[in-house]
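Here the numbering used here is used: the first residue of the sequence shown is 5, the next is one more, and so on.
The structure appears below as structure tokens.
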Amino acid sequence: MTETSELDPIALEITWNGLKSIADECFLTIMRSAFSTNIKERHDHSTAIADARGR
């Protein structure tokens with residue numbers, strides 16, 4: 005017997021916006037605390053969210 009699960013679009017949107025907010029905060033924190041001109045002024049960095057295995 006197989007069970008299909010449907011994604012709740014509202015929960016998906018809330019989760020997506022939460023994860024995006026976390027990544028945006030990480031980006032700003034790195035930018036504000038950086039000593040490097042490339043990071044601080046040129047915004048030459050990125051952020052990512054990964055699971056415990058780095059995926």
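In this text, a Cβ means the ideal position worked out from N, Cα and C, and glycines have one as well.
Predicted model only: the values in this text are computed from it and were never measured.
CB I53 to CB A27, shorter than 7 Å? Here residue 53 corresponds to residue number 49 of the sequence shown, with the count starting at 1. Here residue 27 corresponds to residue number 23 of the sequence shown, with the count starting at 1. Against a cut-off of 7 Å, the Cβ pair of A27 and I53 comes out as a contact.
Contacting residues, own chain, Cβ-Cβ under 6 Å from D48 (five flanking each side not counted): On the sequence shown, position 44 is the one that residue 48 refers to. These residues qualify, in order along the chain: N42.
Note down the Cα distance separating E29 from K44, rounded to an integer number of angstroms. Mapped onto the sequence shown, residue 29 falls at position 25. Mapped onto the sequence shown, residue 44 falls at position 40. Straight-line Cα distance between these residues: approximately 15 Å.
Alpha carbon of T19 to alpha carbon of L11, nearest angstrom: As a position in the sequence shown, residue 19 is number 15, starting the count at 1. As a position in the sequence shown, residue 11 is number 7, starting the count at 1. The alpha-carbon atoms of T19 and L11 are separated by roughly 12 Å.
Between which two residues does the alpha helix (DSSP H) containing L11 stretch? Residue mapping note: residue 11 aligns to position 7 of the sequence shown, counting from 1. Segment: none, L11 is in no alpha helix (DSSP H) and carries neither H nor E.
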